[in-house]
Ligand SMILES: CC(C)(COP(=O)(O)OP(=O)(O)OC[C@H]1O[C@@H](n2cnc3c(N)ncnc32)[C@H](O)[C@@H]1OP(=O)(O)O)[C@@H](O)C(=O)NCCC(=O)NCCS
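Numbering (my numbering), first residue to last: 3 to 155.
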């Protein structure tokens with residue numbers, strides 16, 4: 003498996019990766035694709051790297067946090083449901099971190115939800131050394147907090 007920059011022709015494969023997960027809500031899919039489309043259009047606000055093992059099996063989307071000097075947001079990481087548990091997300095995030103360090107990045111912020119569907123994501127961030135920095139109760143819906151992880155690179 004390699005990690006590489008996004009190519010224009012990857013859009014369909016990325017849609018398939020997102021569709022392989024049945025827990026995303028329609029508005030989440032729309033936002034995820036909006037960011038991918040911005041990256042394809044050449045935005046530097048949203049950058050995408052894909053994991054490719056003969057086809058796209060996952061991607062990470064990140065970008066500089068507006069109004070900060072050296073902070074980046076990790077917006078989305080998704081691995082095809084058929085390719086999970088093999089270190090694809092870890093490889094993508096470590097690739098992103100190495101790239102950000104080389105570019106002078108200082109911190110990475112990640113936001114996620116406390117719902118069950120995001121349990122794998124929370125375990126992933128904990129495993130990769132992203133400490134929980136804040137928790138805003140009832141943020142998404144009653145009983146569903148926003149959790150912010152914040153890693154110093
Ligand atoms: C979260 C997600 C990206 C993980 O992808 P993955 O390629 O399967 O993850 P990896 O194999 O790289 O796992 C790395 C570590 O994360 C943790 N982890 C990942 N999935 C886990 C799960 N289902 N349960 C518990 N821990 C998990 C493990 O600690 C693992 O390390 P280990 O294998 O050394 O124990 C994947 O499940 C996914 O796409 N989920 C849906 C999308 C999503 O929620 N994205 C994040 C919010 S945008």
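Even glycine gets a Cβ: it sits at the ideal position worked out from N, Cα and C.
Cutoff 7 Å; reference residue i; Cβ partners in own chain excluding five residues on either side
i	result
residue 119	25
residue 107	72, 74 and 155
residue 142	115 and 148
Where residue i sits in the DSSP three-state scheme
i	result
residue 116	coil
residue 93	helix
residue 100	helix
residue 105	coil
residue 35	helix
residue 148	strand
Cutoff 6 Å; reference residue i; Cβ partners in own chain excluding five residues on either side
i	result
residue 117	146
C-beta contact flag for residue i and residue j at 8 Å
i	j	result
residue 77	residue 130	no
residue 109	residue 51	no
residue 150	residue 135	yes
residue 103	residue 155	yes
residue 60	residue 94	yes
Sheet register partners of residue i (DSSP bridge)
i	result
residue 4	54
residue 80	61
residue 66	74
residue 153	110
Contacting residues, own chain, Cβ-Cβ under 8 Å from residue i (five flanking each side not counted)
i	result
residue 40	47 and 48
residue 125	none
- Task: With a cut-off of 6 Å, give the chain-ordered residues whose Cβ is closer than this to any heavy atom of ligand 1.
- Result: 23, 78, 79, 80, 81, 86, 87, 88, 89, 90, 91, 92, 114, 120, 122, 123, 125, 126 and 129
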